[in-house]
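Peer 1: Residue numbers (the numbering used here): -19 to 166. For glycine and all other residues, C-beta sits at the position ideal for the given N, C-alpha and C. I have a structure here, written as structure tokens, and I will follow up with some questions on it.
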């Protein structure tokens, strides 16, 4: 499934990296990063080793929910999270479409995934399902768990609404990088 997912994600315009271990993932993120780094609290809680490794490389990593505490107005929060690099956590992925499943409980992480110029999604390899049928079950599970913002994301933002010319990054990230976190020996 890993190969199928990678093939379709790349066809949709995403860059896909397979990393083993926190240091490998942090090094890959550092190579991609070209601006302020922000992550969700879910990333910080689930992958503290990656965040600490990034800080060890001299990169500051701000947490979207902490920014939201300072920026109470929605427009100010959106402005604070716009641009730069956003690191988000994928709850799953669909091999047959190359799509990510994102699910968050607050506005700040949702905005980060939509307003960063570059979105980096951390995806455990074990969370890739073969088809949309299995993704439906995952979506239902996420909804039962109370996730407010659930979406399927396939590639960077794109539209052809402007004089039928394909344009990237108009309504979301200009670039989507997916870091598949593989188990050692897998």
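Suppose only complete runs of 4+ residues qualify. What are the alpha helix (DSSP H) ranges in the region 2 to 64, listed by chain order?
Peer 2: List check, alpha helix (DSSP H) in window: 2 to 12, 21 to 26, 28 to 36, 44 to 50, 54 to 61.
Peer 1: Taking the alpha carbon of residue 67 as the point to measure from, which residue in 124, 44, 2 has its own alpha carbon closest?
Peer 2: Closest by alpha carbon: 44.
Peer 1: Using 10 angstroms around the beta-carbon of residue 48, count the other beta-carbons present and answer buried if the total reaches 16, otherwise exposed.
Peer 2: That one is buried.
Peer 1: Can you tell me whether DSSP reads residue 116 as helix, strand or coil?
Peer 2: Helix at residue 116.
Peer 1: Please determine, among 12, 84, 117, 105, the residue with the shortest C-alpha to C-alpha distance to residue 128.
Peer 2: It is 84 whose Cα lies nearest to the Cα of residue 128.
Peer 1: Alpha carbon to alpha carbon, what distance is there between residue -7 and residue 92?
Peer 2: C-alpha separation (whole angstroms): 19 Å.
Peer 1: Helix or strand or just coil, what does DSSP make of residue 111?
Peer 2: Correct three-state label for residue 111: coil.
Peer 1: List the DSSP bridge partners of residue 80.
Peer 2: Its beta-bridge partners are 73, 133.
Peer 1: Would you please state the rounded distance, in angstroms, between the beta carbons of residue 160 and residue 103? I believe it to be under 8 Å.
Peer 2: The Cβ separation is near 5 Å, so the contact holds.
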